[in-house]
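**Q** Numbering (UniProt numbering), first residue to last: 1 to 474.
Backbone N, C-alpha and C define an ideal beta-carbon position, used for all residues, glycine too.
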Ligand code: TYD
Ligand code: MG
């Protein structure tokens, strides 16, 4: 009986099967209840107070109220570094919220959050940057390079979450950054830092702290090879906001994308540029993405992609080159390879472009990744343009999804895309015939029904640049 009381008085850990929910007192390779292998995960249990372990249902302070009686006030928000970041958050950091930022190693998470912390310390109040990955000296060196010199910026190089929480309670900063959730650990759990139980319990503990103290906490999360945040999926359920910092580390542009947001829309995208002195926000991304465009060579088209609700103009490049290889090469950068294979098949079968003896390279300029089918037409026309060695009018944008029978399908939010193109000085647009827009903002619109019709325009010099040479077969 004495043993029972002692065990109930403090928290303990159990191993819970993720398949059937059975609890075991120690780790086992196979769940004795359901027979699943490697399904036991350590969890902390805090016994319920009072006898019987069951809480009586009570009518507390929260009462049902009419929806229309709920006061209509927006969340109070704290300003953060860079309007691009604030926009993705929905306007700023909400006190007591937990934000998780995921991204590939080296993409710039620590850089961005260092800048956020310094800016916050200078303009709002004390900020604490907890690093479980780098030493205080390393962070200081980087801060020195970036010119981050705020008086109220505190650093803590610590991995034990218990100690980190104690420091936060003691220091009472207005903002906490934890870099990263996979490298801090709770000493009471036996599993290693970064394991499912550590990540989940750690995030829960920080969430409680944030709600209790109204301090916003930003967590850095590592991603797996597939690009998802490492650890349990529940981590994304626990936190209030999930953001992804994306971009090719060999290119300068970074996109901060909303994955989940309890305080705003997830359609927002922030654009940054990695420079010698940190991440700088890019206010006019379309202009920047097109800055180095070579309008003189064939194989280049421009399309308007939607990142969230934001239209971005990007250049699509294609290169075809003759090969004797029985299996020609198909390589893409920033575009789905399977989608390219499909477009190649449509170009061969429906348009009659013999690509079987051509190596094919497609590149989305600037390190951007296009996932939406609205870019199909731009990719297909870039290939046709390179193959025929005929350059396309540099003032033209191409929009449209291509179906298997070569038909051009409509794209979402066409008018918004066209108005962005017009703003940047484009003069013509090829769009699917089904969705001819009401407004064109001064653009000359060419509605097209199929890919072969669009390629034909190219041959008839309809969309080819007026100064381009006659058709040369590649
Ligand atoms: P970092 O923020 O450490 O990435 P993460 O925390 O996501 O792993 O950024 C690492 C890369 O950024 C590194 O390869 C160097 C580059 N970088 C710059 O180009 N300019 C800078 O001012 C800084 C601080 C880093
Ligand atoms: Mg880092």
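I need the straight-line Cα distance from residue 131 to residue 155, nearest angstrom please.
**A** Approximately 8 Å, taken between the alpha carbons.
**Q** What residues come near the ligand MG, if near means a beta carbon less than 6 Å from any of its heavy atoms?
**A** Cβ-based neighbours of the ligand MG within the cut-off: 109, 110, 133, 179.
**Q** Which word fits residue 275, buried or exposed, when buried means at least 16 other C-beta atoms lie within 10 angstroms of its C-beta?
**A** It is exposed - the Cβ of residue 275 has fewer than 16 other Cβ atoms within 10 Å.
**Q** Would you give the residue range spanned by the alpha helix (DSSP H) that residue 437 belongs to?
**A** Premise fails: residue 437 is in no alpha helix (DSSP H) and is neither H nor E.
**Q** Are there 16 or more other CB atoms within 10 angstroms of the CB of residue 477, so buried, or fewer, so exposed?
**A** Given a span of 1 to 474 for the chain in the structure shown, any question on residue 477 remains unanswerable.
**Q** What would DSSP say about residue 292, mapped onto helix, strand or coil?
**A** The answer is coil: DSSP assigns residue 292 none of H, G, I, E or B.
**Q** With distances taken Cα to Cα, identify the nearest neighbour of residue 384 among 418, 396, 343.
**A** Ranking 418, 396, 343 by Cα distance to residue 384 puts 343 first.
**Q** With DSSP run on the structure shown, which of helix, strand or coil describes residue 409?
**A** Three-state result, residue 409: strand.
**Q** What does the alpha-carbon distance come out to for the pair residue 200 and residue 307?
**A** Rounded to whole angstroms, residue 200 to residue 307 spans 30 Å at the Cα level.
**Q** Which two residues bound the contiguous alpha helix (DSSP H) that contains residue 109?
**A** Residue 109 -> alpha helix (DSSP H) spans 109-123.
**Q** What are the partner residues of residue 452, as DSSP defines its beta bridges?
**A** Paired residues: none, contrary to the question.
**Q** Out of curiosity, what's the CA-to-CA distance linking residue 239 and residue 219?
**A** Spanning the two alpha carbons is a distance of roughly 9 Å.
**Q** Thinking C-alpha only, which one of 226, 265, 250, 192 is nearest residue 243?
**A** Closest option to residue 243, Cα to Cα, is 265.
**Q** Do the segment 289-298 and the segment 332-349 make contact, defined as three or more Cβ pairs closer than 8 Å?
**A** No contact exists between the segment 289-298 and the segment 332-349.
**Q** Please determine whether the Cβ atom of residue 443 lies at a distance below 7 Å from any heavy atom of the ligand TYD.
**A** Checking the Cβ of residue 443 against the ligand TYD gives no.
**Q** Please state whether DSSP places residue 17 in a helix, a strand or coil.
**A** The answer is strand: DSSP assigns residue 17 an E or B state.
**Q** How would you label residue 50, buried or exposed, when you count the other beta carbons within 10 angstroms and need 16 or more for buried?
**A** For residue 50, the pLDDT reaches just 49, beneath the cut-off of 50, and the residue's location in the model is therefore unreliable, leaving the point undetermined.
**Q** Could you spell out where the beta strand (DSSP E) holding residue 396 opens and where it closes?
**A** That run of the beta strand (DSSP E) goes 396-398.
**Q** Let's see if you can read the secondary structure: which residues bound the beta strand (DSSP E) around residue 222?
**A** Taken as a continuous stretch (DSSP letters only), the beta strand (DSSP E) holding residue 222 covers 217-222.
**Q** For a test of your reading of the model: does the CB of residue 275 fall under 7 Å from any non-hydrogen atom of the ligand TYD? Yes or no.
**A** Yes, since a heavy atom of the ligand TYD falls inside the 7 Å radius drawn around the Cβ of residue 275.
**Q** Just to check my reading of the structure: residue 215 and residue 174 have Cβ atoms closer than 8 Å, yes? What is that Cβ distance to the nearest angstrom?
**A** The Cβ separation is near 7 Å, so the contact holds.
**Q** Ordered along the chain, which non-local residues of its own chain (more than five positions away) have a Cβ less than 6 Å from that of residue 53?
**A** Caution is warranted here: a pLDDT of 45 is assigned to residue 53, below 50, making its placement in the model unreliable, and the coordinate value is therefore given only provisionally. Within the same chain, residue 53 has no close Cβ partners at all.
**Q** Quick one: is the Cβ of residue 249 within less than 7 Å of any heavy atom of the ligand SAH?
**A** This structure lacks the ligand SAH; the ligands present are the ligand TYD and the ligand MG.
**Q** Report yes if the C-beta distance between residue 364 and residue 380 is below 8 Å; otherwise report no.
**A** Their beta carbons are not under 8 Å apart, which means residue 364 does not touch residue 380 by this criterion.
**Q** According to DSSP, residue 446 sits in a beta bridge with which residue or residues?
**A** According to DSSP, which records beta bridges pairwise, residue 446 is partnered with 430.
**Q** Output needed for residue 33: all residues of its chain with C-beta closer than 7 Å, excluding positions within five of it in sequence on either side, in chain order.
**A** Excluding sequence neighbours, residue 33 sits near 17, 20, 22.
**Q** At what residues does the alpha helix (DSSP H) containing residue 177 begin and finish?
**A** Counting along the chain, residue 177 falls outside any alpha helix (DSSP H), though it belongs to the beta strand (DSSP E) covering 175-179.
**Q** May I ask you to report which of helix, strand or coil DSSP gives residue 154?
**A** Looking at residue 154 - three-state DSSP - the assignment turns out to be strand.
**Q** On the criterion of 16 or more Cβ atoms from any shown chain inside 10 Å, does residue 141 qualify as buried, or is it exposed?
**A** Answer is exposed; the Cβ neighbour count stays below 16.
**Q** How is residue 260 classed by DSSP in three states: helix, strand or coil?
**A** If DSSP states are grouped into helix, strand and coil, residue 260 belongs with the strands.
**Q** The ligand TYD and residue 105: does the residue's C-beta get closer than 7 Å to at least one heavy atom of that ligand?
**A** True, at least one ligand heavy atom lies under 7 Å from that Cβ.
**Q** Decide if residue 15 is buried, meaning its Cβ has at least 16 other Cβ atoms within 10 Å, or exposed.
**A** It counts as buried.
**Q** To the nearest angstrom, how far is the alpha carbon of residue 283 from that of residue 13?
**A** Each residue's Cα considered, the two are about 49 Å apart.
**Q** Can you tell me whether residue 306 sits near the ligand TYD, meaning its C-beta is under 7 Å from at least one heavy atom of the ligand?
**A** Not so, every heavy atom of the ligand TYD lies at least 7 Å from the Cβ.
**Q** Could you tell me which uninterrupted alpha helix (DSSP H) segments, each at least 4 residues in length, are contained entirely in the segment 296-378, listed from first to last along the chain?
**A** Correct list: 337-349.
**Q** My understanding is that residue 116 touches residue 78, with C-beta atoms under 8 Å, so please give their C-beta distance in whole angstroms.
**A** The pair is not a contact, with the Cβ atoms about 11 Å apart (cut-off 8 Å).
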